[in-house]
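Reading through the structure tokens given below for one structure.
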Amino acid sequence: MLHTVPAAGMQSALSKSGRETTVKTLVWTKPRDFEMQETQKPVPGDGEVLLQVRYAGICGSDLSGYLGENSLRKPPLVMGHEFTGIVVEMGNSVDRVLNIGDLVVVNPLLSCGQCRMCKSGNQQNCLHRSIVGIHHPGAFAQYVKVPASACYRVSDELAGSLVEPLACGVRAAEQANIQIGDSTVVFGAGIIGLFSLKAAALMGAGNLILVDTNEQRLQFGKMFGATHTINPKSQDVVQAVQDLTDGQCSRVIDAVGLPLTRRQGIDMVEPGGRVVWIGLHEDDTMVPGNTIVRKEIEVVGSFSYSDLDFERALSLIERKTVTTDSSWLDVRPLSEGKNSFEEQIFGAAPFPKIALRPE
Ligand SMILES: [Zn+2]
Ligand SMILES: [Zn+2]
2 MLHTVPAAGM
12 QSALSKSGRE
22 TTVKTLVWTK
32 PRDFEMQETQ
42 KPVPGDGEVL
52 LQVRYAGICG
62 SDLSGYLGEN
72 SLRKPPLVMG
82 HEFTGIVVEM
92 GNSVDRVLNI
102 GDLVVVNPLL
112 SCGQCRMCKS
122 GNQQNCLHRS
132 IVGIHHPGAF
142 AQYVKVPASA
152 CYRVSDELAG
162 SLVEPLACGV
172 RAAEQANIQI
182 GDSTVVFGAG
192 IIGLFSLKAA
202 ALMGAGNLIL
212 VDTNEQRLQF
222 GKMFGATHTI
232 NPKSQDVVQA
242 VQDLTDGQCS
252 RVIDAVGLPL
262 TRRQGIDMVE
272 PGGRVVWIGL
282 HEDDTMVPGN
292 TIVRKEIEVV
302 GSFSYSDLDF
312 ERALSLIERK
322 TVTTDSSWLD
332 VRPLSEGKNS
342 FEEQIFGAAP
352 FPKIALRPE
């Protein structure tokens, strides 16, 4: 279905075996620049499969990467780590049960499986971890090669591209250790904040309060389970949370990561409460140490997801507990990648998530 008889003009792009050799790839060449390039079609090695990309989401971390503000990403790079694709070729010694034509979602966080972190189920902290789209060419391309062991069969090609960001939300809610009825605040109505909110709702949170300065995005809160929304532009956030929870805000998930939101989270949480930091906006932060001591607050980080979190997110997508909606998920051709990045960073950014589709 993929490799049909080529048109005469495409002859130059074919090897003697008839395999297309060049493909379209969106390459990040330098800060604030993308180029659509003709690149060599990847050849899957041992244990790898070649995927024809179906959908690849733009992540917030890709945006800071694009600006050159993310220390992990170095140009030239093919980004894209939230994706689905169809298995079109297989390398040698593929041991996972996969077939040509399977639709899969990829867990882009590759771990060694051998270190103490991996053995304890914390693949996100693997000492040898690497990520597709950061350390290996990603999915903003017609084709991407990945380890077969990272592929999971999925039934919906668009919803499947949400498994990765949803897994981040699942982990954040787990790190928050939410118990039934816990009043929970989520900072940030980007997709990670919204998915954290959804996971917190599924874990039984009571009052579920979403905070964001973008009024348009705040409107999505209800769809993801928010009981209340707060816009700091018009309200004192800490006071508003105290009022809504009778001073009993048990859990905070900060999917923004500014010194101000980190401070507010610590100020609003009740004694013995837990604050989860998942947002990565700014590194250096002053925290009120004495408040943490006197209120016995736990502040914990949340980074990506374990393999189990990924599988839990996949289960939520497969059971349609989380479904796509064009109000917050916009699909565009890969050729509109650069415009979409610019819109998310400098424009109105009305969509919490944009997925790119190679033509
Ligand atoms: Zn991501
Ligand atoms: Zn490891």
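In our numbering, the protein residues as written are 2 to 360.
All residues carry an ideal CB built from backbone N, CA and C; glycine is no exception.
Alpha carbon to alpha carbon, how far is residue j from residue i? Give it in angstroms, no decimals.
i           : j           : result
residue 358 : residue 64  : 18 Å
residue 299 : residue 211 : 21 Å
residue 278 : residue 303 : 6 Å
residue 306 : residue 39  : 33 Å
residue 205 : residue 312 : 20 Å
residue 364 : residue 336 : Shown here, the chain extends from 2 to 360; a query on residue 364 therefore has no answer.
residue 343 : residue 360 : 20 Å
residue 287 : residue 197 : 25 Å
residue 107 : residue 238 : 38 Å
residue 247 : residue 269 : 11 Å
residue 130 : residue 115 : 11 Å
residue 134 : residue 338 : 15 Å
residue 195 : residue 222 : 7 Å
residue 314 : residue 164 : 6 Å
residue 94  : residue 148 : 11 Å
residue 224 : residue 280 : 21 Å
residue 178 : residue 172 : 10 Å
residue 354 : residue 21  : 32 Å
residue 349 : residue 292 : 37 Å
residue 73  : residue 27  : 19 Å
residue 387 : residue 124 : An answer regarding residue 387 cannot be provided, because it is not within the stretch 2 to 360 covered by the chain.
residue 42  : residue 283 : 37 Å
residue 266 : residue 215 : 19 Å
residue 67  : residue 334 : 18 Å
residue 236 : residue 168 : 31 Å
residue 232 : residue 34  : 33 Å
residue 122 : residue 243 : 37 Å
residue 203 : residue 180 : 11 Å
residue 327 : residue 321 : 15 Å
residue 136 : residue 97  : 23 Å
Apart from the five residues on each side of it in sequence, which residues of its chain come closer than 8 Å, Cβ to Cβ, to residue i?
i          : result
residue 30 : 36, 76, 77
Can the beta-carbon of residue i be found closer than 8 Å to that of residue j?
i           : j           : result
residue 1   : residue 146 : The first residue shown for the chain is 2 and the last is 360, placing residue 1 beyond what the model contains.
residue 92  : residue 157 : no
residue 84  : residue 150 : no
residue 57  : residue 325 : no
residue 170 : residue 207 : no
residue 200 : residue 185 : no
residue 356 : residue 332 : yes
residue 347 : residue 329 : no
residue 319 : residue 105 : no
residue 209 : residue 226 : yes
residue 301 : residue 275 : yes
residue 308 : residue 175 : no
residue 32  : residue 69  : yes
residue 240 : residue 271 : no
residue 99  : residue 88  : yes
residue 219 : residue 228 : no
residue 79  : residue 166 : no
residue 341 : residue 59  : yes
Can you tell me the Cβ-Cβ gap for residue i and residue j, rounded? I've got them flagged as a contact below 8 Å.
i           : j           : result
residue 143 : residue 24  : 4 Å
residue 140 : residue 81  : 4 Å
residue 289 : residue 264 : 7 Å
With a CB to CB cut of under 7 Å and the five nearest residues on each side skipped, what residues in its chain are close to residue i?
i           : result
residue 119 : 112, 113, 127
residue 11  : Because residue 11 sits at a pLDDT of 44, beneath the cut-off of 50, its placement in the model cannot be relied upon, and the following sentence gives the value as read from the coordinates. Correct list: empty, nothing qualifies.
residue 217 : 351
residue 260 : 283, 286, 287
residue 71  : 62, 65
residue 234 : 214
Who are the Cβ neighbours of residue i in its own chain at under 6 Å, not counting the five residues just before and after it?
i           : result
residue 187 : 194, 197, 198, 211, 254
residue 345 : 64
residue 273 : 297
residue 86  : 52, 53, 54, 55
residue 262 : 188, 255
residue 117 : none
At least one CB of chain C closer than 8 Å to the CB of residue i: is that the case?
i           : result
residue 151 : Looking at the structure shown, chain C is missing, and only one protein chain is on hand.
Quick test of the definition: if touching needs 3 or more C-beta pairs under 8 Å, does the segment 185–194 touch the segment 243–260? yes
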